[in-house]
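Those protein sequences? They're chains G and B, same order as listed. The first sequence finishes on residue 1260 if you use my numbering, and the numbering steps up by one all the way, no holes. The second sequence finishes on residue 992 if you use my numbering, and the numbering steps up by one all the way, no holes. By construction, the Cβ of each residue, glycine as well, lies at the ideal position given by its N, Cα and C atoms. Working notes, structure below.
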Amino acid sequence: MDAAEKRLIELSVGGDVEAFETLIQSHQKRVYNIALRMTGNPEDAQELAQDAIVRAFTSIGKFRGDSSFSTWLYRITINVCTDFLRKRNRAAVISMEQGPVSNESQQGLQIEEESPGPDELAEKKQLKELVRDAIESLSDEHKQVLILRDIMDMSYKEIANMLNVNEGTIKSRINRARAGLKKIIMQRSELFRDYVVKYERKGGNS
Amino acid sequence: MNRCEYCLENLSAYIDGELPENEMKGIEQHIMECPSCSREYEILAAIVSACGELEEELPDGFVSSLHARLEEARNEVLSKNSKIGRIRLFAQIAASFAIVIMLGFAVRMGIFDNKPILGAKSTQDMAPLAGAPPTAQYITPHESSDSTAMKFGISSANKNAESITMADPTEGISSAEIPDSSPGEKQGTEDADVSFYFSNRADLLDGEQVNNYDTEIVIVVEDINEALESIIAIDKKVGKSRENNTDYLQEYARKIKFRSNERINSVELKLVYTSEKIQQSFLEEMRSTFTNIQVESISPENKVKEEREYIRVIIEKNN
């Protein structure tokens, strides 16, 4: 933590709104994007991002500098979003974690037959939309790691620290989250219809 | 695991550049040689890169509506922060109580005593305990990521022993954590471990005490493997297929057998049940199976409001 940040925190503890706004200025976009990907909806995302920031402000006296301020703020954001999602009706959520067979999600990766190559995937815009929508269907835990990894660009170690989980867990969780994401994209995409049929005939009933 | 399986399992970490150098090279080599893995790689890499491009701009009016909310919150900040001094004082008082209780517990266990006590076969048996002073772990409201107000000092007493912890029943073998036996480090991993499930609870930040598990069970046994097998049997009996405990436990048992040439003196498990009822039957079975068992349940009003019930099981080897 540099001296300027420290000073801004002290001022914020004293109730200085402007100081706090300066403190969060470079982080609020990321806070919003975490909330956006977690909820999949801009209105909720704005509300939750602001909830998280206000919460950081009202709890600033408890920030002890064990982690960086941004890590602390992002952690609050994730907590706020997780609580929100928990309360929201979760009927539509596909949980990859609860499957009875633990390696289920990896089946999607076990492909030996010919399937469409990356050329079809190169249609970037469509892929981006598919990915964005597919993230919404993931379990909260999988969403979390993908947001931290791919949107926040955090290392496995940083993610592990933020979530208080060991690095090996993060590694396997990210792998499964992406496998799940890929599976959803494959199932939804017109481009991959043939591919999916092939896959299901091959490994669907194990 | 064949080459392709290994590759696919590590593909994600490969894309992120999160593997050791030799493994990075190994996978790179394999991708060049194997058309099917190469295709998988390109598809996954395309998805990952699309993920990285999802960042969006702040909506219009975000900053101004936030400003209004921060102004509103200002008074709360001022009043809260004046309370912090008092909370700190309370935490210190609570901590001294915890130490007193720990000492009491230690005396009861015969730690400062030369006489053998019930359950211990001879004085020598207690020697490892006598070497280590009991420690209290306490949490101030400001660092409540692990809010267990105190632990029994068992882990620090066992400073010479190795312990395996595994964070998440759903994570399978890769989450097995084998910490070094140095007590400082071990304490750290344990904290991280215990707080895993609730690390994403926002209310931790408010300084409330949140208990990380609903029930803690400590059993002392002659043979950790046998105990694990019994727990697996109990879990199968009471659990439902939706719960992943069985896979987790079996994986765990396998892991311990694999390490049978090492001295493992304590094992910590975390089990998850979908309902209080199943948890209760689990507890009853445990009580009737193990003789040396301590069960400590969190009172209902302090319980984490969750659909799932968390049980922490500590298996101690009776040396």
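Rounded to the nearest angstrom, the Cβ distance from R1203 (chain G) to I1239 (chain G) is 17 Å, too far for a contact under 8 Å. The alpha carbon of A1057 (chain G) has as its nearest neighbour, out of G:G1119, G:A1214, G:R1084, the alpha carbon of G:G1119. Annotated three-state conformation of V894 (chain B) is strand, per DSSP. For F735 (chain B), the chain G residues whose Cβ falls inside 8 Å of its Cβ are Q1082, Y1086, Q1100, A1103, Q1104, in order along the chain. Collapsing the DSSP output to three states places E1212 (chain G) in a helix.
Here N938 (chain B) carries a strand assignment [DSSP, helix/strand/coil]. Sequence-distant Cβ neighbours of K909 (chain B) in its own chain, meaning closer than 7 Å and more than five residues away, are T919. The secondary-structure analysis by DSSP pairs I987 (chain B) across a beta bridge with B:V891, B:E941. Boundaries of the beta strand (DSSP E) harbouring I966 (chain B): 966-970, taken from the DSSP string.
Taking a Cβ-Cβ threshold of 7 Å, the residues of chain G close to R742 (chain B) are Q1104, V1108, in chain order. Residue range 1194-1200 is occupied by the alpha helix (DSSP H) that includes V1199 (chain G).
One thing to note: L727 (chain B) has its Cβ no nearer than 8 Å to the Cβ of Y1086 (chain G).
L692 (chain B) is not a Cβ neighbour of R1232 (chain G), given a cutoff of 8 Å. Taking a beta-carbon distance threshold of 8 Å, Y1210 (chain G) counts as an interface residue toward chain B.
Cβ-Cβ distances below 7 Å link R1091 (chain G) to I1189, K1197, I1201, I1205 in the same chain, with the five nearest sequence neighbours on each side left out; the list follows chain order. Counting of Cβ neighbours within 10 angstroms places M705 (chain B) among the exposed residues, the total staying below 16.
By the rule that beta-carbons nearer than 8 Å mark a contact, L942 (chain B) does not touch chain G. For the set G:I1088, G:L1181, G:F1117, the Cα lying nearest the Cα of T1136 (chain G) is the one of G:I1088. Within its own chain, the residues whose Cβ lies closer than 8 Å to the Cβ of N683 (chain B), once the five positions on either side in sequence are excluded, are L692, E696, I700, listed in chain order. The three-state secondary structure of E729 (chain B), taken from DSSP, is coil. Taking each of B:N748, B:R985, B:A741 in turn and checking the Cα distance to V945 (chain B), the smallest one comes out for B:R985. Taking the Cβ atoms as the reference, L1235 (chain G) lies roughly 11 Å from V1199 (chain G), outside the contact range of under 8 Å.
N1229 (chain G) has a beta carbon lying within less than 8 Å of a beta carbon in chain B. Here Q923 (chain B) has I905 as same chain residues with Cβ atoms under 8 Å from its own Cβ, once five neighbours each way along the sequence are excluded.
Under the 8 Å criterion on CB atoms, T1125 (chain G) is classed as non-interfacial with respect to chain B. Here the segment 1125-1133 of chain G lies against the segment 1092-1107 of chain G, with 3 or more beta-carbon pairs under 8 Å apart. The beta-carbon of L922 (chain B) is placed no less than 8 Å from the nearest beta-carbon of chain G. By the beta-carbon neighbour count (other beta carbons within 10 angstroms, threshold 16), T1131 (chain G) is buried. Looking from the CA of D689 (chain B), the closest CA among G:L1065, G:S1191, G:K1225 belongs to G:K1225.
Distance from the CA of E1059 (chain G) to the CA of L1077 (chain G), rounded to the nearest whole angstrom, comes to 7 Å. Out of G:E1221, G:L1181, G:Q1079, G:F1111, the CA that lies nearest to the CA of Q1241 (chain G) is found in G:L1181.
E982 (chain B) and E949 (chain B) have their C-alpha atoms roughly 6 Å apart. Closest in C-alpha terms to L751 (chain B), from the list G:K1141, G:K1116, G:T1112, G:S1121, comes G:T1112. The straight-line gap separating the alpha-carbon atoms of S903 (chain B) and C680 (chain B) is approximately 36 Å. Contact of R960 (chain B) with chain G by beta-carbon distance below 7 Å is absent, the smallest such distance being about 28 Å. For D1098 (chain G) and Q1082 (chain G), the gap between their C-alpha atoms comes out near 15 Å.
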